[in-house]
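Colleague: full-length UniProt numbering numbers the first residue of the sequence shown as 1 and each following residue consecutively.
Structure below; questions to follow.
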Amino acid sequence: MTLEQINSSLNENITKYSLPQIIRVVSGYLKEFYINKTSQEVYDCIQFKSNPSLSFQKSEISKVHFFNKGEEIKVEITLNFLGIFGSSSPLPSHYSEMVLESIDSDYVLHDFLNLFNHHLQKFVYPIWQKHRYYIQYQNDLQDKFSKYIFSFLGLYSNRMQNNSSLNLRKLIPYIGILCMKHKSAGTLKAILRHYLNHNDLHIIECIEDTYNIPSWQNNSLGALNCSLNSDFLIGETIKSRNAKFQILLKDVSNEQLIQYSILGKKMKELRDLIAFTLDEPLKNEVCFEVKKEQKNCLQLNSSKTQYLGINSWIGQEFYDEKIVIAQKESNET
Numbered sequence: 001m002t003l004e005q006i007n008s009s010l011n012e013n014i015t016k017y018s019l020p021q022i023i024r025v026v027s028g029y030l031k032e033f034y035i036n037k038t039s040q041e042v043y044d045c046i047q048f049k050s051n052p053s054l055s056f057q058k059s060e061i062s063k064v065h066f067f068n069k070g071e072e073i074k075v076e077i078t079l080n081f082l083g084i085f086g087s088s089s090p091l092p093s094h095y096s097e098m099v100l101e102s103i104d105s106d107y108v109l110h111d112f113l114n115l116f117n118h119h120l121q122k123f124v125y126p127i128w129q130k131h132r133y134y135i136q137y138q139n140d141l142q143d144k145f146s147k148y149i150f151s152f153l154g155l156y157s158n159r160m161q162n163n164s165s166l167n168l169r170k171l172i173p174y175i176g177i178l179c180m181k182h183k184s185a186g187t188l189k190a191i192l193r194h195y196l197n198h199n200d201l202h203i204i205e206c207i208e209d210t211y212n213i214p215s216w217q218n219n220s221l222g223a224l225n226c227s228l229n230s231d232f233l234i235g236e237t238i239k240s241r242n243a244k245f246q247i248l249l250k251d252v253s254n255e256q257l258i259q260y261s262i263l264g265k266k267m268k269e270l271r272d273l274i275a276f277t278l279d280e281p282l283k284n285e286v287c288f289e290v291k292k293e294q295k296n297c298l299q300l301n302s303s304k305t306q307y308l309g310i311n312s313w314i315g316q317e318f319y320d321e322k323i324v325i326a327q328k329e330s331n332e333t
């Protein structure tokens, strides 16, 4: 489109635009001319002016004008508010009348006062944008607000050094919850469901586990730990349900089994996410429930992607399968 066509298209329905809307539309057109410029550099190509008319204005924007200035393309946006002169001016009306007289003669006073209008009105959009994260958000998370919130969580430095396996974009909706010191099972389930994009996910609490009794707590007859109902223990291990939970993923597909295996990266992401989310030293295990309809029998020379022990079975599919990946004490699977 030519500049004349853009001007005609925008000014035809100019009263329907608010200031943020027209700036985003104008920036979109400027991006077509300046492909390599950043959003801030494109915004600097916009010049703001005030409408000198003393009549009542029914919209925020009076006029938009694209024009060539040397080899560059600039845009003038004439506003109906927040100006030194015009109907919204806080100054007495005779100042606006002086500007109108200047327009009829040499434009000197009009252009001079618009220098102040421009620097004042230029702050309106950044202020509006500051309180709307969905506007300033950038896919590479280089916007200021993203830097701030990930710095609070201690993740920004890891992202800059590429040390984190987590997809930080998926954590943004749960930043407030992640900042909390304690998380419930329901909170963890909501975070994992969103991050893994798996709705049929459940947290099963109080899983039984066996723990070794330290040697200094063992019973030594007639010497140590001999008080019944106090510190007397028989054996070298004890069972407890206080410190382990299970993450159950139901209706898992064959492709997902590969992604969560040693051939994929999702299991490492899941482990890192759990370690980051939970402050308590709780053990956990991941359980995949595979429907019998999803089970594949191993077939040699098959065109399907099959790995024995990961997403294929030997024999018939008579029942649903549960695959449990337990966490070792060394935090390896």
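Positions of the beta carbon are idealized from the N, C-alpha and C atoms, including for glycine.
(1) Would the region 248-264 and the region 189-208 be scored as touching if the rule is three or more Cβ pairs under 8 Å?
(2) Using only alpha-carbon positions, find the residue among Glu289, Thr210 and Ile22 that is nearest to tyrosine 260.
(3) If we count the other Cβ atoms within 10 Å of its Cβ and call it buried at 16 or more, is proline 90 buried or exposed?
(4) Would you mind working out which of Phe48, Val75, Lys37 and Lys31 sits nearest asparagine 7, comparing C-alpha positions?
(5) Of the residues Leu100, Phe152, Leu273 and Thr2, which one's Cα is nearest the Cα of serine 50?
(6) Between the beta-carbon of glutamate 285 and the beta-carbon of isoleucine 238, is there less than 8 Å?
(7) At a Cβ threshold of 8 Å, is glutamine 129 touching chain D?
(8) In chain order, what residues of the same chain have a beta carbon less than 8 Å from the beta carbon of glutamine 217, not counting five sequence neighbours either side?
(9) Under 8 Å by Cβ, that's how I've got glutamine 136 and glutamine 129 pegged, so tell me the actual separation to the nearest angstrom.
(10) Provide the residue span of the alpha helix (DSSP H) that contains aspartate 104, from first to last.
(11) To the nearest angstrom, report how far apart serine 146 and serine 164 are at their CA atoms.
(12) Going by beta carbon distance, what residues of the same chain come within less than 8 Å of serine 220, once the five residues before and after it are set aside?
(13) My guess is that isoleucine 314 and cysteine 287 are in contact by the Cβ rule of under 8 Å, so how many angstroms apart are they, rounded?
(14) Can you give the Cα-Cα distance for glutamine 306 and methionine 267, rounded to whole angstroms?
(15) Checking 8 Å against the spacing of the C-beta atoms, do tyrosine 95 and phenylalanine 85 come in under that value?
(16) CB arginine 241 to CB glutamate 293, shorter than 8 Å?
(17) Rounding to the nearest angstrom, what Cα-Cα distance links glutamate 269 and threonine 38 in this structure?
(18) Compute the Euclidean distance between the alpha carbons of leucine 115 and glutamate 12, then round it to the nearest angstrom.
(19) Is residue 340 buried or exposed, if buried means 16 or more other CB atoms sit within 10 Å of its CB?
(20) Compare the Cα-Cα distances from isoleucine 177 to each of Lys63, Gln316 and Thr277 and report the closest residue.
(21) Grouping DSSP H, G and I as helix and E and B as strand, with all else coil, what is tyrosine 211?
(22) If you check the beta carbons only, do isoleucine 77 and isoleucine 22 fall under 8 Å apart?
(23) Between the beta-carbon of valine 42 and the beta-carbon of serine 18, is there less than 8 Å?
(24) Among the candidates Leu171, Gly83 and Cys45, whose CA atom is the shortest distance from the CA of glutamate 71?
(25) How about leucine 273 and tyrosine 195: do their beta carbons lie closer than 8 Å?
(26) Within its chain, find whatever has a CB closer than 8 Å to the CB of leucine 263; leave out the 5 residues flanking it on each side and keep chain order.
(27) So leucine 168 and phenylalanine 152 are supposed to be a Cβ contact under 8 Å. How far apart are they, rounded?
(28) Ignore the nearest five residues each way along the sequence and tell me which others in leucine 192's own chain have a CB closer than 6 Å to its CB.
(29) Compute the beta-carbon to beta-carbon distance between threonine 15 and serine 87, rounded to the nearest angstrom, for a pair I have assumed lies under 8 Å.
(30) Buried or exposed for isoleucine 61, please, with buried defined as at least 16 other CB atoms from any protein chain shown within 10 angstroms of its CB.
(31) Taking C-beta to C-beta, are histidine 110 and phenylalanine 48 nearer than 8 Å?
(32) What's the gap between the Cα of leucine 166 and the Cα of alanine 275?
Modeller: In short, the structure shows the following:
(1) At 8 Å Cβ cutoff, the stretches touch.
(2) Checking every option, the nearest Cα to that of tyrosine 260 belongs to Glu289.
(3) Result: exposed.
(4) Taking only the C-alpha atoms, the option nearest asparagine 7 is Val75.
(5) Checking every option, the nearest Cα to that of serine 50 belongs to Leu100.
(6) No, the Cβ-Cβ distance between glutamate 285 and isoleucine 238 is not below 8 Å.
(7) As a matter of chain content, chain D is missing from the structure shown, which is built from one protein chain.
(8) Counting only Cβ-Cβ distances below 8 Å, and skipping sequence neighbours, we find Asn225, Asp231 and Leu233.
(9) Glutamine 129 and glutamine 136 do touch by the CB rule: their CB atoms are close to 5 Å apart, below 8 Å.
(10) DSSP places aspartate 104 inside the alpha helix (DSSP H), whose first and last residues are 93-104.
(11) Taking the Cα positions, serine 146 is about 16 Å away from serine 164.
(12) For serine 220, the CB contacts under 8 Å within the same chain, skipping 5 residues up- and downstream, are Cys226 in chain order.
(13) Between isoleucine 314 and cysteine 287, the beta carbon gap of about 21 Å keeps them out of contact (Cβ cut-off 8 Å).
(14) Their Cα atoms are separated by approximately 19 Å.
(15) With contacts defined as CB atoms closer than 8 Å, tyrosine 95 and phenylalanine 85 qualify as a contacting pair.
(16) Contact flag unset, no.
(17) Looking at the two C-alpha atoms, the distance is approximately 32 Å.
(18) In this structure, the CA atom of leucine 115 is about 27 Å from the CA atom of glutamate 12.
(19) There is no way to answer for residue 340, as the model of the chain reaches only from 1 to 333.
(20) Nearest to isoleucine 177 by C-alpha distance, out of Lys63, Gln316 and Thr277, is Thr277.
(21) Three-state DSSP puts tyrosine 211 in a strand.
(22) Pairing isoleucine 77 with isoleucine 22 gives a Cβ-Cβ distance under 8 Å.
(23) Not closer than 8 Å, so no.
(24) Checked all of Leu171, Gly83 and Cys45; the closest Cα to glutamate 71 is Cys45.
(25) Yes, these two residues count as a Cβ contact at 8 Å.
(26) Take leucine 263, set aside five residues on each side of it, and the residues of its chain with a beta-carbon closer than 8 Å to its own are Tyr307 and Ile310, in chain order.
(27) In this structure, leucine 168 and phenylalanine 152 do not form a Cβ contact; the two beta carbons are roughly 13 Å apart against a cut-off of 8 Å.
(28) The beta carbon of leucine 192 is closer than 6 Å to those of Leu201 in its chain, skipping five residues each way along the sequence.
(29) The Cβ separation is near 15 Å, so there is no contact.
(30) With 16 or more other Cβ atoms within 10 Å, it is buried.
(31) The beta carbons of histidine 110 and phenylalanine 48 sit no closer together than 8 Å.
(32) Those two C-alpha atoms are separated by around 11 Å.
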